[in-house]
């Protein structure tokens, strides 16, 4: 069995790439790409829509924070009540 170094193992597959033929692009492709880029530059979003989206995000975030805060407070009080009723020295698994 012949031991090959990693360099020689990599050179063999890389030689296969030398036989690849270059592809020809259609003649109008470059101008079509430039036209699409130019049209994208002209597209813009109205500042009114940006402000509306920002306001909606702020409202949703504040609603979620309020909801989470209320949920944590009620679960904490239930948790405290649950452990106040148990004796502190229970060793049996009843």
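Residue numbers (the numbering used here): 2 to 95. Cβ atoms here follow ideal geometry from the backbone N, Cα and C, with glycine treated the same way.
Spanning the alpha carbons of residue 54 and residue 42 requires a straight line of approximately 22 Å.
Collapsing the DSSP output to three states places residue 51 in a helix. Rounded to the nearest whole angstrom, the C-alpha separation of residue 25 and residue 36 is 20 Å.
Residue 52 and residue 60 have their alpha carbons spaced roughly 12 Å apart. When secondary structure is reduced to three states using DSSP, residue 36 falls in the helix class.
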